[in-house]
Amino acid sequence: MRSFSLAGLLRVRHAQQQKAMAELSDANRRVRDVATRRAQVERTLEGAVAGNAVVTDAGTLIAIAAARASTRGMLAELDAVADAHRTAADEAQTAYNASRARAIALEKLEARHVAEALAEDLHQEQIALDEIASVAHHRDDLQGEQS
Numbered sequence: 002m003r004s005f006s007l008a009g010l011l012r013v014r015h016a017q018q019q020k021a022m023a024e025l026s027d028a029n030r031r032v033r034d035v036a037t038r039r040a041q042v043e044r045t046l047e048g049a050v051a052g053n054a055v056v057t058d059a060g061t062l063i064a065i066a067a068a069r070a071s072t073r074g075m076l077a078e079l080d081a082v083a084d085a086h087r088t089a090a091d092e093a094q095t096a097y098n099a100s101r102a103r104a105i106a107l108e109k110l111e112a113r114h115v116a117e118a119l120a121e122d123l124h125q126e127q128i129a130l131d132e133i134a135s136v137a138h139h140r141d142d143l144q145g146e147q148s
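2 is the number of the first residue of the sequence shown in the numbering used here; add one for each residue after it.
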């Protein structure tokens, strides 16, 4: 059976697909990490808001308000980071899909090549068997005539 002439390109496409899959995995991990961090900050903010701290002076009140504002600012920053990570994850998904499509196209060509090569091998084998049968038949005919 002859070898698939695009086997090298198919290996390159599979390597590209693996790279794109790793990048997609990293991007999705970053999205999850930011979501986890945001949930932690939200719990901190909820705890601070729900806390029954007794405010005895203006300084304590200002400190509590500043802490809450800081936490809300951190949430806004985490939201911006999460948006950037989601955009990167979407781009990584698109890149993976494209690399997968390129690999699939070559895989289909390879499958067609294998099927055609197998059919050609079977055809050649059938020709050889027919030739053997024909020679044997002629030999039997010649021996029958000589007898």
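We treat Cβ as the ideally placed atom computed from N, Cα and C, and that holds for glycine.
Pick out whichever of the options has its Cα sitting closest to the Cα of residue i.
{"i": "residue 25", "options": "138, 100, 132", "result": "100"}
{"i": "residue 76", "options": "3, 137, 36, 18", "result": "36"}
{"i": "residue 80", "options": "40, 57, 66", "result": "40"}
{"i": "residue 21", "options": "64, 7, 102", "result": "102"}
{"i": "residue 13", "options": "108, 67, 82, 68", "result": "108"}
{"i": "residue 4", "options": "66, 55, 112, 44", "result": "112"}
{"i": "residue 46", "options": "74, 92, 98", "result": "74"}
{"i": "residue 8", "options": "124, 105, 120, 121", "result": "105"}
So residue i packs on residue j, CB below 8 angstroms; how close in whole Å?
{"i": "residue 70", "j": "residue 28", "result": "The Cβ separation is near 31 angstroms, so there is no contact."}
Quick test of the definition: if touching needs 3 or more C-beta pairs under 8 angstroms, does the segment 28–35 touch the segment 78–95? Output reads yes: the segment 78–95 touches the segment 28–35.
Report the residue ranges of all alpha helix (DSSP H) runs contained in full by the segment 7–65; include only those spanning at least 4 residues, in chain order. Counting whole runs of 4 or more residues, the segment 7–65 contains the alpha helix (DSSP H) stretches 8–51.
In chain order, which continuous runs of the alpha helix (DSSP H) of length 4 or greater are located wholly inside the segment 54–120? None, since the segment 54–120 contains no complete alpha helix (DSSP H) of that length.
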